[in-house]
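What follows is a set of notes on a single structure, which appears directly below.
Numbering (this note's numbering), first residue to last: 45 to 842.
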């Protein structure tokens, strides 16, 4: 109970010292704090408030991922994330952690995120007096010859106390004895060697055995002690003690030397003769187990050699107690100490530890963004423990030292592009400065997340589509495709119809599948009505905000042979392809009876027409030109021939599936006088019509001439009065004559007069004609007013 009260009192004192230490050094350490606690505290004992001492906001500790990471594998401490207090997590034995080192520190790292911060926390473990001094054995038997002279010294094994400072071994006390006294050789805190000195000669016949008690005390409060019971047996004979050349031997030894390597040889001599002068060597009882594991001692020669692994990182110094004993019946034993200093070699590669990592970053992250904190450590010392880290210069990342040489920040060096590289495997190479240098590496993977920074792209621009007319409504006529270099929803492309070049609403006859870009025609196209059109398709991704692009689609309607030839002449008054032709009987061979004229609304081969006789009453009298449609006589007409002849003429186009139409011509032969009468009648009518036409032509030409003269005068006046810069606005159109014709048809001349256009048709035309729409200017259509007299000319105003 008294010990518990004393222990609590010491705990309060240490906490007060700890608080005073924090007040003293808190202003000088912004990224490193230090606490001091006693060992053997119970689990849950308070160490300090890390969050408050570092200036963190207590309310945001959980959101920022506050944690404390131990550098060692054992988690001796835990942190309360609600208030930032650091607590003891398990039993802390200072002697187990730091052995006899005067200073014992446990290094921790306090880490928070958003943004990333890391601070060093050092916890000093203070020693308490929790160990009693103890001897290697509880009973010691000494055999001393009665011939031993007073003043003879007997080295005893020293006691060991794992505590340090005032709590370590301080003094020895020997029980009351008339023959012996105690002397202590002080070689430091851990090497106080008790020496038993004979004060008076021994007389075996009087006292055969002396029982002594050697008590070792430490300096703690309360003090602790350990007892060694010594039994001295008095013998005869061997009265000389071996002696070492040196009391202390020192040697330097490199770590990792081979097993069997010679270290040093100790030497002790005994002036006695025979077996009493032969010396045997052995390790003293005060030598630690580490000495027995690392070194071997030749009992006869005193040579010390390497037995096990010598590792500087585990132990830097060895203190070896060597004892030499003779072979007398009562052997004498002396001790010496061998100090072995281990020299460090660069035998440990650097260790790389990724403390915190953001392994998914958006591609629009700014240069300078920290994505990882990296710690490096090397168990070697000096330059062998100094580590330099680097990564490949080709990566868009760089390492920057943070909080000294043992920590680095991995930051973005330049802009990222997921479409170019979506995954980075970053290899961090750590290399120490030893000779030869050792290195290690660690690879971390960083994923680049997508943002919507790429527009869809069409496979072609523009598209050209060729479709046959008379297509099936509702069928797919074409498909567009666009790709987006982005990912996931940013790469999902939908399609819609855009504007057209002409003022045509596309939705009335086109539709598009928004998912796959298939375009459907809602109606059947007619080449003769619409030959081509252009519309736009818009491709839009599903990002936020969405990005879009449009493409022009040029649609060309291809002609099919879907129009049969149309007869232009001959035509009956009711519009049927029938005609009655009268010819005189005395016509010669090759007489032109009439000509069948037709046109086809199709183009190309589908509009190439050919003529053939389907039916004829007398094949020997008339012939039909296949390409011109002219009907001519192939022999003179005789009295035996019929008066009337019926010809059925087929007009056929040149399509793959040919279409045709027929015309019926009735040819009647008449006597010459009837022909003359008819001719006079026609001449009279022609003369009347010619007189009327001549009058109209004179009036028209006069009007045109007057308008032309007025236009010239007006242009001259405007030219003289307007600024020079506007001269080009009123220039006359030089392309005012258009000449076209086909076969035996007469030429037509078009010219402009003001805002009106006139067409003059030549006198050889038997039937007035106008250009048929869609016929490329090569096919003629009969005007609505029917036939005109032979040789008649007319002006068509367009």
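Here a beta-carbon is modelled for each residue, glycine too, at the ideal position from N, C-alpha and C.
The structure displayed is predicted, hence computed values, not measured ones.
Closest Cα partner of residue i within the set the options
i: residue 451; options: 417, 600 and 305; result: 417
i: residue 20; options: 163, 757, 118 and 751; result: With the chain covering 45 to 842 only, the question about residue 20 has no answer from this structure.
i: residue 460; options: 683, 471, 208 and 410; result: 410
i: residue 100; options: 116, 650 and 126; result: 126
i: residue 109; options: 552, 670, 608 and 123; result: 123
i: residue 181; options: 193, 187, 194 and 200; result: 200
i: residue 532; options: 556, 518 and 496; result: 496
i: residue 312; options: 335, 286 and 301; result: 286
i: residue 394; options: 475, 315, 462 and 516; result: 475
i: residue 525; options: 597, 97 and 510; result: 597
i: residue 654; options: 240, 246, 706 and 711; result: 706
i: residue 267; options: 408, 214 and 746; result: 214
i: residue 284; options: 236, 193 and 629; result: 193
i: residue 412; options: 458, 346, 643 and 672; result: 458
i: residue 650; options: 209, 635, 703 and 391; result: 703
Residue span of the beta strand (DSSP E) that contains residue i, given as start and end
i: residue 142; result: Careful: residue 142 lies outside any beta strand (DSSP E), inside the alpha helix (DSSP H) at 138-142.
i: residue 642; result: 641-643
i: residue 695; result: 688-696
i: residue 230; result: 224-230
i: residue 679; result: No beta strand (DSSP E) holds residue 679; DSSP gives it neither H nor E.
i: residue 21; result: Residue numbering for the chain in the displayed model covers 45 to 842; residue 21 lies beyond these limits and cannot be assessed.
i: residue 585; result: 576-585
CB of residue i within 8 Å of CB of residue j, strictly
i: residue 219; j: residue 257; result: yes
i: residue 136; j: residue 170; result: no
i: residue 365; j: residue 328; result: yes
i: residue 641; j: residue 612; result: yes
i: residue 167; j: residue 112; result: no
i: residue 270; j: residue 191; result: no
i: residue 296; j: residue 351; result: no
i: residue 94; j: residue 151; result: no
i: residue 695; j: residue 617; result: no
i: residue 645; j: residue 559; result: no
i: residue 577; j: residue 566; result: no
i: residue 242; j: residue 195; result: yes
i: residue 259; j: residue 185; result: no
i: residue 473; j: residue 483; result: yes
i: residue 709; j: residue 658; result: no
Segment limits, alpha helix (DSSP H) that includes residue i
i: residue 301; result: Here residue 301 belongs to no alpha helix (DSSP H), and DSSP marks it neither H nor E.
i: residue 420; result: Careful: residue 420 lies outside any alpha helix (DSSP H), inside the beta strand (DSSP E) at 414-421.
i: residue 516; result: From DSSP, residue 516 is part of no alpha helix (DSSP H); its letter is neither H nor E.
i: residue 115; result: No alpha helix (DSSP H) holds residue 115; DSSP gives it neither H nor E.
i: residue 96; result: 94-98
Where residue i falls: helix, strand or coil (DSSP)
i: residue 542; result: strand
i: residue 521; result: strand
i: residue 320; result: helix
i: residue 535; result: helix
i: residue 333; result: helix
i: residue 740; result: helix
i: residue 338; result: helix
i: residue 244; result: coil
i: residue 160; result: coil
i: residue 862; result: Since the first residue of the chain shown is 45 and the last is 842, residue 862 is not available in this structure.
i: residue 492; result: strand
i: residue 771; result: Per-residue confidence for residue 771 stands at a pLDDT of 39, beneath the threshold of 50, marking its modelled position as unreliable; the derived number appears in the next sentence. DSSP places residue 771 in helix when its eight states are reduced to three.
i: residue 850; result: Absent from the model: residue 850. The displayed extent of the chain is 45 to 842, so no value can be given.
i: residue 651; result: helix
i: residue 455; result: strand
Cα-Cα separation, residue i to residue j
i: residue 318; j: residue 324; result: 13 Å
i: residue 309; j: residue 128; result: 57 Å
i: residue 398; j: residue 453; result: 10 Å
i: residue 338; j: residue 142; result: 20 Å
i: residue 387; j: residue 354; result: 10 Å
i: residue 6; j: residue 82; result: Residue 6 lies beyond the range of the chain shown here (45 to 842); nothing can be said about it.
i: residue 683; j: residue 631; result: 13 Å
i: residue 139; j: residue 294; result: 26 Å
i: residue 468; j: residue 570; result: 58 Å
i: residue 499; j: residue 643; result: 52 Å
i: residue 688; j: residue 660; result: 11 Å
i: residue 502; j: residue 407; result: 24 Å
i: residue 743; j: residue 754; result: 16 Å
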